[in-house]
Amino acid sequence: MKHSVANFITGIQLETTVATAHEVDMMSQKQDVLHQEQQGLIRGQQEAEIDRLIALLGNGDSGSSKKPPCLDGTRASLLKWISGWIEKPSTCDKRGLCIIGAAGRGKSSVGASVAQHERKLKRLGGEFYFILDEQDRNKGAILVLARQLASWGDRRLRTEIASAVDEDRDITQRTLEEQFQKLIREPLETLASDPGCPPLIIVVDGLDEFIDAHASTLIRLIGQSFATLPSAVRFIITSRPEPHLLRLYDSEPMGTQLLVRSLDLEDVGEVEKDIEVFLKTKLPQMVWGFVKKPSDWPGEKRRAILIRLSCGLWIWVVTVARMLADRKFRDPEKQLNALLSFSRNALEEYGHNTDMYAIYSKILNRACPPNSPSELLKLFRDVLGALYVVHGLINTHTLTSLLAQLNNADYSVDTRTKVLVYLQAILIVPDVDEDVPSRDAKPIRFIHRSFRDYLTDSSRCEARFLVDIPEEHRRMAIRCLDRMNELHGPNMCGLDPTLLNEEMEWLPDVNRLSRRTLPYTERNQLNWRCKGIEALVRRHISSGLQYACENWTIH
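So for the sequence shown, the working numbering puts the first residue at 86; every next one is plus one.
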């Protein structure tokens with residue numbers, strides 16, 4: 086009996102112990118779940134805070150959409166060589182690669198192709214494309230690269246960059262040196278202790294198109310950073326072989342860490358094969374509908390002549406293709422025959438016919454022949470001069486508004502229909518044929534920097550197209566003052582007079598509310614104090630008047 090009772094008690098104790106252990110285990114699991122949920126919430130809050138801080142860097146444009154990569158099948162050996170240099174950092178003591186070449190050699194396309202390839206492999210840390218006409222955007226290069234690095238996928242970089250912004254909320258207003266140190270160099274140094282760090286590539290294109298002093302500073306900063314950055318971090322730079330840049334590439338600390346490759350020394354035969362690919366595949370697509378048998382146009386013989394004339398200059402080929410495909414002339418056959426005849430004349434006059442200046446001259450003379458009415462020539466001179474000296478980039482609406490003459494309502498229409506549409510071989514005019522609202526229209530761009538050079542070269546550019554820079558600035562300043570005198574008035578946006586009286590301290594800023602350079606925080610504060618102010622500005626102040634108010638002092 087005693088034995089049975091003892092067994093019963095033992096059984097009860099065992100069941101109780103098991104039940105208690107199960108409850109303890111369940112409570113422990115619940116605590117683990119709660120802890121994980123709590124940690125998840127904390128991480129979510131941390132990530133949200135990091136995202137918020139990184140957003141303070143702004144939403145600057147890298148310029149990648151304006152730089153197309155190489156055509157499939159071209160530059161194959163060069164791109165393969167660059168990939169090999171990237172993938173084997175331990176076999177090469179050079180941390181940077183500089184691709185140099187004269188205007189039109191295809192440097193930007195090579196840089197864009199490398200960026201595209203590395204992005205697919207998740208190795209692209211950042212890319213930025215300097216453009217001569219966009220110095221305001223260029224000055225934000227470090228902020229754009231920092232934002233891209235923060236999105237690369239390594240939390241150490243994100244955290245370090247966010248911390249830098251948190252410590253200095255005015256980092257966007259700091260010098261190039263301070264921004265590079267806090268947003269690029271120090272975050273990348275956190276990867277130095279990781280022997281398994283994969284390649285991280287930063288592409289910087291068109292450095293020669295940055296302000297000289299800033300470009301020199303950036304080269305120095307990159308060179309100084311090599312000593313402390315992990316070997317997996319690689320910089321790829323492209324530029325023209327400008328003397329002051331070449332000296333910096335060769336000096337310490339950059340000289341010992343930079344591998345320089347010149348596209349001017351590339352095998353011409355290989356480049357010509359690439360150009361043949363372009364002429365066989367891309368050109369027929371561009372002239373489709375305007376020639377017979379477009380798939381084989383312009384034929385093997387004339388294709389060979391074009392290849393020979395190009396001498397490996399990519400911008401020559403692209404510009405010629407744009408000229409032949411210009412839909413306003415609708416006769417590629419006639420245009421090609423004229424081009425080949427013109428090239429022979431250029432050869433006799435200048436000793437070569439691959440110079441882009443000869444092509445630019447041909448395009449301008451086709452659009453505005455020597456026997457053109459003086460009114461048409463004036464239109465061309467006004468457009469070319471204005472586009473040369475304008476601050477930043479402007480669209481067709483802003484240009485025509487600035488050029489509009491009193492008592493001549495047709496002037497702006499003539500600018501679009503008689504000038505811009507006939508210069509699409511050398512100007513990128515996205516909305517010239519479309520009725521796009523002025524604020525939404527895309528900007529006009531020169532097809533290549535060499536066209537700007539041509540317009541001021543008195544030894545090659547015809548006098549009737551030659552741009553006199555001081556004179557054009559003077560004329561643009563007068564246009565701006567005319568627009569303000571004609572269109573500007575008190576309280577143009579129709580704001581509440583009571584609000585105006587109370588907020589007079591910020592009223593002078595109204596004219597620049599929609600500037601891209603206005604800091605987000607200031608713009609947001611003004612919107613809060615006067616709701617919808619940006620929409621009112623867009624509705625009541627034309628893009629031409631806005632440009633005049635913001636930039637007349639520059640001219």
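Even for Gly, the Cβ is constructed at its ideal location relative to N, Cα and C.
Small disclaimer: the values here were computed from a predicted structure and weren't measured.
Expected contact under 8 Å - CB spacing of residue i and residue j to nearest Å
i: V362; j: T159; result: 6 Å
i: E271; j: E245; result: 6 Å
i: I135; j: A247; result: 4 Å
i: K192; j: I184; result: 6 Å
i: S147; j: F213; result: 5 Å
i: A471; j: M569; result: Not confirmed; about 17 Å, so no contact.
i: R240; j: Q342; result: Not quite, the Cβ-Cβ distance comes to about 28 Å (not below 8 Å), so this is no contact.
i: Y442; j: R545; result: 5 Å
i: S149; j: A200; result: 7 Å
i: H640; j: C565; result: 7 Å
i: L461; j: R549; result: Incorrect: roughly 11 Å between the Cβ atoms, too far for contact.
Distance between residue j and residue i (C-alpha atoms, nearest Å)
i: R451; j: P383; result: 21 Å
i: N492; j: S535; result: A caution first: N492 carries a pLDDT of 46, below 50, which makes its placement in the model too unreliable to give a value.
i: I532; j: I390; result: 24 Å
i: K367; j: A510; result: 16 Å
i: R600; j: V514; result: In this prediction, R600 scores a pLDDT of 40, lower than 50, which makes its location untrustworthy; no coordinate-derived value is stated.
i: I448; j: P369; result: 20 Å
i: G143; j: G225; result: 9 Å
i: W237; j: L508; result: 41 Å
i: R243; j: V376; result: 54 Å
i: R537; j: Q130; result: 50 Å
i: E337; j: R305; result: 9 Å
i: R453; j: P153; result: A small fix is needed here, since residue 453 is Cys in this sequence, not Arg. About 30 Å.
i: Q631; j: W637; result: 10 Å
i: N456; j: M408; result: 21 Å
i: R381; j: G374; result: Inspection of the sequence shows that residue 381 is occupied by Asp rather than by Arg. Cα to Cα, the separation comes out at about 13 Å.
i: Q220; j: T302; result: 15 Å
i: S543; j: P555; result: 15 Å
i: D335; j: P328; result: 11 Å
i: E571; j: I444; result: 40 Å
i: T105; j: K115; result: 15 Å
i: S426; j: I167; result: 40 Å
i: G579; j: E635; result: 20 Å
i: V622; j: A133; result: 32 Å
i: I256; j: G340; result: 30 Å
Same chain, Cβ closer than 7 Å to residue i, five either side skipped, listed in chain order
i: C282; result: L276, P315 and A317
i: S446; result: E547
i: S395; result: I360, W401, V402 and T439
i: L138; result: A247, V250 and D251
Whether residue i touches residue j by CB criterion (8 Å)
i: T483; j: G629; result: yes
i: C155; j: S198; result: yes
i: I563; j: P528; result: no
i: L228; j: Q264; result: yes
i: V504; j: L464; result: yes
i: V552; j: L469; result: yes
i: A410; j: P417; result: yes
i: D349; j: G186; result: yes
i: L344; j: L182; result: yes
i: R208; j: L285; result: yes
i: M577; j: H625; result: yes
i: E357; j: S162; result: no
i: R393; j: L364; result: no
i: R254; j: L141; result: yes
i: G145; j: R259; result: no
Cβ neighbours of residue i in the same chain (closer than 6 Å, five flanking residues each side left out)
i: G211; result: L230, Q233, L234 and I287
i: G196; result: V288, D290 and T323
i: I307; result: F320
i: F311; result: R180 and Q342
i: A300; result: L292
i: V353; result: G397
i: T541; result: V552
i: R325; result: D293
i: T313; result: E274
i: E203; result: L209 and I286
Same chain, Cβ closer than 8 Å to residue i, neighbours up to 5 away in sequence not counted
i: A620; result: none
i: L512; result: L472, L505, I529, R530, F531 and I532
i: R466; result: R549 and F550
i: E557; result: G470, A471, Y473 and V474
- Task: Kindly provide the ranges of any alpha helix (DSSP H) runs that are 4 or more residues long and lie completely inside the stretch 251–278, ordered along the chain.
- Result: With a minimum length of 4 residues, the continuous alpha helix (DSSP H) runs that stay inside the stretch 251–278 are 261–265 and 271–274.
*asked:* Suppose only complete runs of 3+ residues qualify. What are the beta strand (DSSP E) ranges in the stretch 279–363, listed by chain order?
replied: Whole beta strand (DSSP E) segments, 3+ residues: 285–290, 318–324 and 343–347.
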